[in-house]
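Undergrad:
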Amino acid sequence: MRTDSLFYKVFQTLPGTFFELLEENSQLAQNYNFKAVELKELAKRTDGVFLPKRDGDPIYFVEVQFQKDEDLYYRLMQEVFVYLGQNRWQHGWQAVVFWAKRSLDTGIPRCYDGEVQTGYLRSQNPR
C-alpha cells in the first residue's frame, strides 16, 4: 500500500516521530534500528519494527492503517508472536497501531485484553 511505504519512509528517515506519536521522548529513536521484517512461515512483511540496539530495550511492532480492517489485530498479533518465536526474543515488546481516523478502528478483540492491560498492545488515533 502507498500509505505503508510512506510511513515506512517517514519512520526510516525520522524515527523520532514514532516515539513522539506515542508521547514518548523522541531521543529513544537513537536506541533503535527501524526496518520491515519478513516473517518466514507467513511470507508477510510487517509495516515496520523498531529493533533495539541495546540489550533489554523492547521491540516496537508498528502498523499504520488507513482503511477499516476487521482482521487487523488478529493478523498483527500473529505476526508479533511468529517473530518473537522465530527470534527467541527474551525482552519486552509492544505492538502499536496508528489509525488515520478513530472511526476506522474496529476495536481490539477481547481475546487480547491481557496484552492491552499489560501495555503490549496499543491503538493510537490522531490528535
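In the numbering used here, the protein residues as written are 6 to 132.
Note that beta-carbon positions come from the ideal geometry of N, C-alpha and C, so glycine has one too.
Source: prediction; values computed, not measured.
Could you say which of A105, V87, V42 lies nearest to V69 if we only look at CA atoms?
TA: Among A105, V87, V42, the Cα nearest to that of V69 is on A105.
Undergrad: Using the Cβ count rule (16 or more neighbours within 10 Å means buried), how would you classify M6?
TA: Since pLDDT at M6 reaches only 44, below the 50 mark, its modelled position is unreliable, and no value is offered.
Undergrad: Excluding five sequence neighbours on each side, which residues of the same chain lie with their C-beta closer than 7 Å to the C-beta of R59?
TA: Answer for R59: N36, listed in chain order.
Undergrad: Under the three-state reduction of DSSP, which class applies to R93: helix, strand or coil?
TA: It is coil, neither helix nor strand.
Undergrad: Report yes or no: do the region 73-83 and the region 26-43 share at least 3 C-beta pairs separated by less than 8 Å?
TA: Verdict: no, contact absent.
Undergrad: Rounded to the nearest angstrom, how far is the Cβ of Q72 from that of L26, given a contact under 8 Å?
TA: That belief does not hold up - the Cβ atoms of Q72 and L26 are roughly 19 Å apart, past 8 Å.
Undergrad: What first and last residue would you give for the beta strand (DSSP E) that runs through F103?
TA: That run of the beta strand (DSSP E) goes 98-104.
Undergrad: Return the chain-ordered list of same chain residues with a C-beta closer than 6 Å to the C-beta of G21, the five sequence neighbours on each side being excluded.
TA: S31, A34.
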